[in-house]
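Peer 1: Handing you this structure, nothing more for now.
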Ligand SMILES: Cc1cc2nc3c(=O)[nH]c(=O)nc-3n(C[C@H](O)[C@H](O)[C@H](O)COP(=O)(O)OP(=O)(O)OC[C@H]3O[C@@H](n4cnc5c(N)ncnc54)[C@H](O)[C@@H]3O)c2cc1C
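Numbering (our numbering), first residue to last: 17 to 451.
So this is what it looks like as structure tokens:
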């Protein structure tokens, strides 16, 4: 275990890079972060709106599945609040939102989702029967072989299409932000465990101040070189050299790569051939996230508006979701202009209503990609005594590439460097805010 302070470079300042900076900084190491964007990657797309703040993307977490992230948030003094997850589902037709066929709401005194509007009664028998079948199918989900894809699982457990394609798939697409074909290739277990948790009403939470507050708390006094895209990394004797886009070279004891794996072109071809081969095998998918005030993305009738609005074509081939931010983001005034975040909109949004448009890239999982991830994790563990280059990020997961996998993979790298943080799980304080 190292005791002398090390000189460590971190490439990338998303959740993984900032976690590394915080943990290593707490252990007295000298840390420099190199980031290609103008500000830290975790909050790079957050934007001020109407006296509040829009997180883009808006991140939610569950205490069971995001235990390390929330313990880290508690460590830096951030609290949580539970968000409303009522949903509405509408068909799209002729390029606009058509009939809303389902909506749910939660009564404050009854801890159970209720039908949001009696007009959607027609969907209830199929949905109720589907939920019963789904719960039966999920009883032994934790024992499911990790090589089974969602498609293969579904063939063994057919579900009524209104529940599966109309409700469960849209919820999973919100978590995975990919297309339906990619979702079906995803390993079934992590997704179904998530669905199981939601059916038990485990709840989704947000951090007070959003990811912006988390980013500032984690970054603290660490030196962040923004606009510093790294272009080359190579090792000479016991030092790792890093070159940035301005052709400046810097020398470190260790380098932590916390970028998407696709960005690994800067790693020396000869020295890091195995790492690069495995990293480039990991798949990604991209999409458009638009924050806006265009109410046409919501159900036609205001009474059907819910924090989550799923729109879909009648053949269930095309999906989009919109989050109504006011009831979810504590800093946005509930009575002010409604503001939304829409992922891959199926209907045109008015240019004048667009607050921000961001193209986002995201790691996705297949049964094969999880093997490559495991090989990368094993490679690091096997050579940990001599290794100077470390890899982490949300891609390093066992099925959900989210903030939690960014944190856990980084904590593992920090542990290899002798830096362990005493994260007391369950210490995050839940503070209720009225939506
Ligand atoms: C629409 C959407 C919704 C999401 N919702 C949730 C959610 O509710 N909950 C949740 O937990 N997760 C959610 N996620 C996922 C989560 O946001 C990501 O998994 C996580 O932010 C990735 O963190 P990371 O540190 O691994 O990578 P990144 O955030 O991608 O950070 C990598 C950083 O490296 C920088 N970089 C790249 N190349 C270079 C280079 N050559 N030199 C220097 N810097 C470089 C990049 O600019 C970037 O800042 C969502 C994602 C999307 C797209």
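Note that beta-carbon positions come from the ideal geometry of N, C-alpha and C, so glycine has one too.
Between which two residues does the beta strand (DSSP E) containing residue 248 stretch?
Peer 2: Locating residue 248 in the chain shown gives position 232, counting from the first residue. That run of the beta strand (DSSP E) goes 246-252.
Peer 1: I need the DSSP call for residue 305, collapsed to helix, strand or coil.
Peer 2: Working through the chain shown from its first residue, we reach residue 305 at position 289. Strand.
Peer 1: Measuring straight from C-alpha to C-alpha, what distance separates residue 398 and residue 277?
Peer 2: Numbered from its first residue, the chain shown carries residue 398 at position 382. Numbered from its first residue, the chain shown carries residue 277 at position 261. Cα-Cα distance, rounded: 20 angstroms.
Peer 1: Kindly indicate which three-state DSSP category residue 297 falls into: helix, strand or coil?
Peer 2: The count along the chain shown starts at 1 and reaches residue 297 at position 281. It is coil, neither helix nor strand.
Peer 1: Between the Cα of residue 132 and the Cα atoms of 91, 322, 268 and 298, which residue gives the shortest distance?
Peer 2: Within the chain shown, numbered from 1, the residue matching residue 132 stands at position 116. Taking only the C-alpha atoms, the option nearest residue 132 is 322.
Peer 1: Given this structure, state the Cα-to-Cα distance separating residue 451 from residue 342, to the nearest angstrom.
Peer 2: Residue 451 sits at position 435 when you count from the first residue of the chain shown. Residue 342 sits at position 326 when you count from the first residue of the chain shown. Its pLDDT being 36, under 50, residue 451 is placed unreliably in this model, and the coordinates cannot settle the point.
Peer 1: Under a Cβ-count criterion, where at least 16 other Cβ atoms within 10 Å of its own Cβ denotes burial, should residue 205 be classed as buried or exposed?
Peer 2: What you label residue 205 is simply residue 189 of the chain shown in a count that begins at 1. With 16 or more other Cβ atoms within 10 Å, it is buried.
Peer 1: Is residue 98 near ligand 1, going by C-beta to nearest heavy atom under 7 angstroms?
Peer 2: What you label residue 98 is simply residue 82 of the chain shown in a count that begins at 1. No - ligand 1 has no heavy atom lying nearer than 7 angstroms to the Cβ of residue 98.
Peer 1: Which of the three DSSP states, helix, strand or coil, is assigned to residue 104?
Peer 2: Taking the chain shown and counting its residues from 1, one reaches residue 104 at position 88. Strand at residue 104.
Peer 1: Name the DSSP beta bridge partners of residue 257, please?
Peer 2: Residue numbering aside, residue 257 sits at position 241 when the chain shown is read from its first letter. 250 and 267.
Peer 1: Ignoring anything shorter than 3 residues, give me the beta strand (DSSP E) runs that lie fully in the segment 41-107, in order along the chain.
Peer 2: Runs found: 46-50, 63-65, 68-70 and 96-98.
Peer 1: Rank 69, 139 and 346 by C-alpha distance to the C-alpha of residue 228 and give the top, closest one.
Peer 2: If you number the chain shown from 1, residue 228 lands on position 212. Residue 69 is the option with its Cα nearest to residue 228.
Peer 1: Leaving out five residues before and five after residue 415 in sequence, what residues of the same chain have Cβ atoms less than 6 angstroms from its Cβ?
Peer 2: In the chain shown, residue 415 corresponds to position 399, counting from 1. Excluding positions up to five away in sequence, the list reads 203, 206 and 381.
Peer 1: Quick one: give me the first and last residue of the beta strand (DSSP E) that residue 357 is part of.
Peer 2: Here the question's residue 357 lines up with position 341 in the chain shown. Here the beta strand (DSSP E) through residue 357 covers 356-359.
Peer 1: How about residue 359: is its Cβ closer than 7 angstroms to a heavy atom in ligand 1?
Peer 2: As a working note, residue 359 is residue 343 in the chain shown. Yes.
Peer 1: Going straight from the alpha carbon of residue 31 to that of residue 135, what length do you get?
Peer 2: By 1-based counting over the chain shown, the position of residue 31 is 15. By 1-based counting over the chain shown, the position of residue 135 is 119. In a straight line, the C-alpha of residue 31 is about 43 angstroms away from that of residue 135.
Peer 1: DSSP state of residue 224, grouped into three classes?
Peer 2: In the chain shown, the residue the question calls residue 224 occupies position 208. Residue 224: coil per DSSP, three-state reduction.
Peer 1: Could you tell me which residues DSSP pairs with residue 353 in its beta bridges?
Peer 2: Translated into positions along the chain shown, residue 353 becomes position 337. According to DSSP, which records beta bridges pairwise, residue 353 is partnered with nothing at all.
Peer 1: Per DSSP, what kind of secondary structure is residue 340 in: helix, strand or coil?
Peer 2: Counting from one through the chain shown, the residue named residue 340 turns up at place 324. Strand, per DSSP.
Peer 1: Is residue 372 closer than 8 angstroms to residue 307 when the C-beta atoms are compared?
Peer 2: As a position in the chain shown, residue 307 is number 291, starting the count at 1. As a position in the chain shown, residue 372 is number 356, starting the count at 1. Their beta carbons are under 8 angstroms apart, which means residue 307 touches residue 372 by this criterion.
Peer 1: Check whether the segment 173-180 and the segment 134-152 are in contact - that is, three or more C-beta pairs closer than 8 angstroms.
Peer 2: Enough Cβ pairs lie closer than 8 angstroms, so yes.
Peer 1: With DSSP collapsed to three states, give me the class of residue 312.
Peer 2: Position 296 of the chain shown, counting from 1, holds the residue named residue 312. Helix.
Peer 1: Less than 7 angstroms between the CB of residue 26 and some heavy atom of ligand 1, yes or no?
Peer 2: Sequence index remark: in the chain shown, residue 26 carries index 10 (1-based). No; taking the cut-off as 7 angstroms, the Cβ of residue 26 has no heavy atom of ligand 1 nearer than that.
Peer 1: Would you grab the beta carbon distance between residue 248 and residue 27 for me? Rounded to a whole angstrom, and I think it's under 8 angstroms.
Peer 2: On the chain shown, position 232 is the one that residue 248 refers to. On the chain shown, position 11 is the one that residue 27 refers to. Between residue 27 and residue 248 the Cβ distance is about 11 angstroms, and since that is not below 8 angstroms, they are no contact.
Peer 1: Does the Cβ of residue 89 lie closer than 7 angstroms to at least one heavy atom of ligand 1?
Peer 2: Numbered from its first residue, the chain shown carries residue 89 at position 73. Answer for residue 89: no, Cβ out of range of ligand 1.
Peer 1: So, helix, strand or coil for residue 328, using DSSP?
Peer 2: For the purposes of this step, residue 328 is identified with residue 312 of the chain shown, where counting begins at 1. In the structure shown, residue 328 sits in a strand (DSSP, three-state: E or B).
Peer 1: Within the same chain, show all residues whose beta-carbon is closer than 6 angstroms to that of residue 334, passing over the 5 residues directly before and after it, in chain order.
Peer 2: Within the chain shown, the letter at position 318 stands for residue 334. The answer, listed in chain order, is 362.
Peer 1: Taking DSSP's pairing of strands, which residues face residue 133 in a bridge?
Peer 2: The sequence position of residue 133 within the chain shown is 117, counting from 1. DSSP output for residue 133 lists no bridge partner at all.
Peer 1: Let me know if residue 171 comes out buried or exposed under the rule of 16 or more other beta-carbons within 10 Å of its beta-carbon.
Peer 2: For this step, residue 171 is matched to residue 155 along the chain shown. Classification for residue 171: exposed.
Peer 1: Any heavy atom of ligand 1 closer than 7 angstroms to the Cβ of residue 420?
Peer 2: Reading the chain shown from its first residue, position 404 is the one you call residue 420. Under cutoff, so the answer is yes.
Peer 1: Here's a check: name, in chain order, each residue in its chain whose Cβ is nearer than 7 angstroms to the Cβ of residue 16, leaving out the five neighbours to either side.
Peer 2: Because the chain spans 17 through 451 in this model, residue 16 falls outside it and cannot be assessed.
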